[in-house]
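Reviewing the structure listed below.
2 protein chains.
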Amino acid sequence: MSAMDEQPIRNMEDFAAVSGISRPTISKYFNDPESVRASTRARIEQALDRYDYRPNIYAVNQNRRLTKNIGIVVPYLADPFFAEIARYIEMMVIEAGFRPILLSSHGSTAQEAGNLDSLKALKPAGVLLAPLGRTSDRSVIEKFCRDVPTVLFDSNIDGMGEAFIGSDNVSFVEQTVEYITKTGGAPCFFEMRTPVNPNANKRRVAYIEAMETRGLEPRVVAIDGDGWEFEEIGRQGAHDVLSRGELSCDTVLCSNDRLAIGFLAACYERGLRVGNGPGCALRVASHDDHPFSRFTCPALTTAAHDYDAVSKTSVETLFQLIENGGRFDKRRETLFPAHLIIRASA
Amino acid sequence: MSAMDEQPIRNMEDFAAVSGISRPTISKYFNDPESVRASTRARIEQALDRYDYRPNIYAVNQNRRLTKNIGIVVPYLADPFFAEIARYIEMMVIEAGFRPILLSSHGSTAQEAGNLDSLKALKPAGVLLAPLGRTSDRSVIEKFCRDVPTVLFDSNIDGMGEAFIGSDNVSFVEQTVEYITKTGGAPCFFEMRTPVNPNANKRRVAYIEAMETRGLEPRVVAIDGDGWEFEEIGRQGAHDVLSRGELSCDTVLCSNDRLAIGFLAACYERGLRVGNGPGCALRVASHDDHPFSRFTCPALTTAAHDYDAVSKTSVETLFQLIENGGRFDKRRETLFPAHLIIRASA
DNA sequence: TGCATAATTTTACGCGCGTAAAGTTTTTGT
DNA sequence: ACAAAAACTTTACGCGCGTAAAATTATGCA
Chain H
5 MSAMDEQPIR NMEDFAAVSG ISRPTISKYF NDPESVRAST RARIEQALDR YDYRPNIYAV
65 NQNRRLTKNI GIVVPYLADP FFAEIARYIE MMVIEAGFRP ILLSSHGSTA QEAGNLDSLK
125 ALKPAGVLLA PLGRTSDRSV IEKFCRDVPT VLFDSNIDGM GEAFIGSDNV SFVEQTVEYI
185 TKTGGAPCFF EMRTPVNPNA NKRRVAYIEA METRGLEPRV VAIDGDGWEF EEIGRQGAHD
245 VLSRGELSCD TVLCSNDRLA IGFLAACYER GLRVGNGPGC ALRVASHDDH PFSRFTCPAL
305 TTAAHDYDAV SKTSVETLFQ LIENGGRFDK RRETLFPAHL IIRASA
Chain G
5 MSAMDEQPIR NMEDFAAVSG ISRPTISKYF NDPESVRAST RARIEQALDR YDYRPNIYAV
65 NQNRRLTKNI GIVVPYLADP FFAEIARYIE MMVIEAGFRP ILLSSHGSTA QEAGNLDSLK
125 ALKPAGVLLA PLGRTSDRSV IEKFCRDVPT VLFDSNIDGM GEAFIGSDNV SFVEQTVEYI
185 TKTGGAPCFF EMRTPVNPNA NKRRVAYIEA METRGLEPRV VAIDGDGWEF EEIGRQGAHD
245 VLSRGELSCD TVLCSNDRLA IGFLAACYER GLRVGNGPGC ALRVASHDDH PFSRFTCPAL
305 TTAAHDYDAV SKTSVETLFQ LIENGGRFDK RRETLFPAHL IIRASA
């Protein structure tokens, strides 16, 4: 509660006056409360809750070379997967005493460039960037990373940023393929022909590898479609493939959960029962553990990201990078393995 | 491309020098390019793409009483419904030449208060706020609205903010009830006992009204659960209700799509076929047209928000409010009707 | 061509805070 | 209790830009 009878505090000088401390010391306090004597700190904090003064952000940041802002850029926020990861990251950034600035590229190359552009203007201490992937403008990102300490996450672009934190796609695919083959059946791999996300390519390669290791013939089913509406693309693609009888396998391993959600919708529409039991025409498994994957019908068997580890490590790596002056000796890559979540779909 | 041989442009004065225009005129240009003579504008823009100078945001905002920032606060960004609406709003704000600042309250009262707090420090020109609802701290929001021009959207809190833009819950329920009763069957209403969102209460009231108007007995099925994980709450609640045989109706009208998604998952798990055809045990309909509602099994019949209208009107109303000095003569309320989307679930 | 008007330049101050330097007070260690 | 160290105060400047006032220049129109 602020005292109502007193004059309003307009700036740090006013606040210094009413708290009985000099302005430079007040300034010091706000930059690091521990840097002033305990008794002084107490007096400041006492005044602070009488008058709810706070330094003007713009004046502060004008005089700092480095702000306390941390940029977080995700490719598509309407995808709950990214919303969820952004939520984790936001909380950790706040906890560390920084201010997160969340931006979504909405699946658009121009928007991604615009986001980086407006971030640069904010002179952030660092940026956590999950790039679009294939449709990213490499030169834009490269230039940005030269100017701002940047850690990439979720999808890697070779050589960009000082570090990458993501999931180990080989582990994802290895676990699902292992599970499927052990429980009977050889999976085909269902994916978009031209995936935006580089993880998709790694998963395809890992799938082929995993199949060949087991002496099985890999079968990749590639469907058409552009953009970020993966569910609809998956649904359409599934209908196409199924109506043409091109699916020469009884278990479908989808590149990611959103495609799988569309695939399951198509199966349902066609009266195809999915699951393990008798009377089931197909089994379906996937990757990501999308927030909605447990509510599909049937619930989706999938390889789950370690959300906690990825977001925690991303944030920690960024802070190390910042403390290290914005550069690492060599680019760091950290990959986390998946853990398999067995549900009813396979 | 910036000329590489020249000295770097550190500030507006440097840029004024290289462009051959005085600094005050440059300043004027950045505040409104139309306010300078066309020939001057041309010279500035010519210099602008030789040297990619841009005014320091912090210095600019320090000297403006009003920044060009627009705050957007949503209760739960991991809900694709809000992510989608935020996307619409963001784009319109950018188009209007403002800078959107998107914040999610993550379902937490403290976070909502924190968001408003940090927004206030940014001295935004205005704020679009979708409050948590029941769990919002009224006094915090009230105080915020006194300081910052605020337009509420999605969920209304009486008297808060200068305007509210949302959907007409009566229209939503009226349309679903009308459709269900016309196509055979009297719906019961499936909802959370203590919904966070005020729309839920309006929908229940509208449901009862709609049923009584038709001479039918309203039956409300209230389930327990707290928080924002509506799908899981709906799924659990559906299992409880179904296992106890408490569902004395053949059509279930869910308060919102996320509950319905959970309800459908439970039905699938129990082997209950949902839909219109023969062999279907239940029909399920709902409200919101959640981005995922077309991918449920079966696809969800639902009353759709007019996303475009709500977001467009919210933004327009906020800009009117800003131009009007932050106050309206009286609080404005704009409600948009739903349009029914008939899919396979009912 | 001349004159009213609009646009621009020049000059100067202020915004709120970071921060450096020099002087003063308080704390710490013995 | 005393000197050294630490913390604080005072003073002063700078950050990059908005903006006002007065002087100057450019433009449009008769």
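Those protein sequences? They're chains H and G, same order as listed. For any residue, its number in the working numbering is found by taking its place in the first sequence, counting from 1, and adding 4. For any residue, its number in the working numbering is found by taking its place in the second sequence, counting from 1, and adding 4. Even for Gly, the Cβ is constructed at its ideal location relative to N, Cα and C.
Report the neighbours of residue 260 of chain G on chain H: residues whose CB is nearer than 8 Å to its CB, in chain order.
-> Those within 8 Å of residue 260 of chain G in chain H number zero; the least Cβ separation is about 14 Å.
Which of the residues in the stretch 42-63 of chain G, read from start to end, lie with their CB under 8 Å from any CB of chain H?
-> 58, 60, 61, 62, 63
Could you work out which residues of chain H lie near residue 146 of chain G, taking near to mean beta carbons separated by less than 9 Å?
-> Within chain H, no residue comes near residue 146 of chain G; the closest Cβ sits about 15 Å away, beyond 9 Å.
Reduced DSSP secondary structure (H/G/I, E/B, other) of residue 197 of chain H | coil
Just to confirm, are residue 288 of chain G and residue 268 of chain G a CB contact at a threshold of 8 Å?
-> yes
CA-to-CA distance, residue 125 of chain G to residue 61 of chain H, given in whole angstroms | 7 Å
Of the residues H:318, H:55, H:254, H:224, the one placed nearest residue 171 of chain H, counting alpha carbons only = H:318
In three-state DSSP terms, what is residue 139 of chain G?
-> coil
State the beta-bridge partners of residue 27 of chain H as determined by DSSP.
-> According to DSSP, which records beta bridges pairwise, residue 27 of chain H is partnered with nothing at all.
According to the neighbour-count rule (16 or more other Cβ atoms, all chains shown, within 10 Å of its Cβ), is residue 73 of chain H buried or exposed?
-> buried
Residues from the stretch 242-269 of chain H in contact with chain G, defined by Cβ distance under 7 Å | 265, 266, 268, 269
Residue 120 of chain H versus H:133, H:256, H:99, residue with shortest Cα-Cα distance = H:133
Rounded C-alpha distance that separates residue 50 of chain G from residue 25 of chain G = 12 Å
Kindly indicate which three-state DSSP category residue 191 of chain G falls into: helix, strand or coil?
-> strand
Whose C-alpha, out of G:335, G:198, G:344, G:308, is nearest the C-alpha of residue 89 of chain G?
-> G:308
Cut-off 8 Å between Cβ atoms - residues of its own chain near residue 105 of chain H, not counting five sequence neighbours on either side = 73, 74, 75, 76, 123, 126, 128
Contact list for the stretch 80-94 of chain G against chain H, Cβ threshold 7 Å = 81, 82, 84, 87, 88, 91
Are the C-beta atoms of residue 110 of chain H and some chain G residue less than 8 Å apart?
-> yes
Can a CB atom of chain H be found closer than 8 Å to the CB of residue 295 of chain G?
-> yes
Find the nearest neighbour of residue 312 of chain H within the set H:93, H:79, H:80, judged by alpha-carbon distance.
-> H:93
How long is the line joining the alpha carbons of residue 42 of chain G and residue 201 of chain H, rounded to whole angstroms?
-> 45 Å
With 8 Å set as the bound, which would you pick, yes or no: does the beta-carbon of residue 235 of chain H sit closer than that to a beta-carbon of chain G?
-> yes
Presumed contact (8 Å Cβ cut-off) between residue 192 of chain H and residue 286 of chain H, rounded CB distance | That belief does not hold up - the Cβ atoms of residue 192 of chain H and residue 286 of chain H are roughly 11 Å apart, past 8 Å.
Establish whether the CB of residue 125 of chain G and some CB of chain H are separated by less than 8 Å.
-> yes
Cβ of residue 155 of chain G within 8 Å of Cβ of residue 169 of chain G?
-> yes
C-alpha distance - residue 117 of chain H paired with residue 137 of chain H, whole-angstrom precision | 13 Å
Assign residue 68 of chain G to one of three DSSP states: helix, strand, or coil.
-> coil
Do you know whose CA, among G:14, G:13, G:46, lies nearest residue 29 of chain G's CA?
-> G:46
Ends of the alpha helix (DSSP H) at residue 271 of chain G?
-> 261-273
In three-state DSSP terms, what is residue 323 of chain G?
-> helix
Taking C-beta pairs closer than 7 Å, name the residues in chain G that residue 272 of chain H reaches, listed in chain order.
-> 301, 302
Where residue 122 of chain H meets chain G, residues with beta-carbon distance less than 8 Å = 103
Three-state secondary structure assigned by DSSP to residue 78 of chain G = strand
If you draw a straight line from the alpha carbon of residue 234 of chain H to that of residue 316 of chain H, how long is it in whole angstroms?
-> 27 Å
Helix, strand or coil at residue 349 of chain G according to DSSP, with G and I counted as helix | coil
Alpha-carbon to alpha-carbon, residue 113 of chain G and residue 140 of chain G = 6 Å
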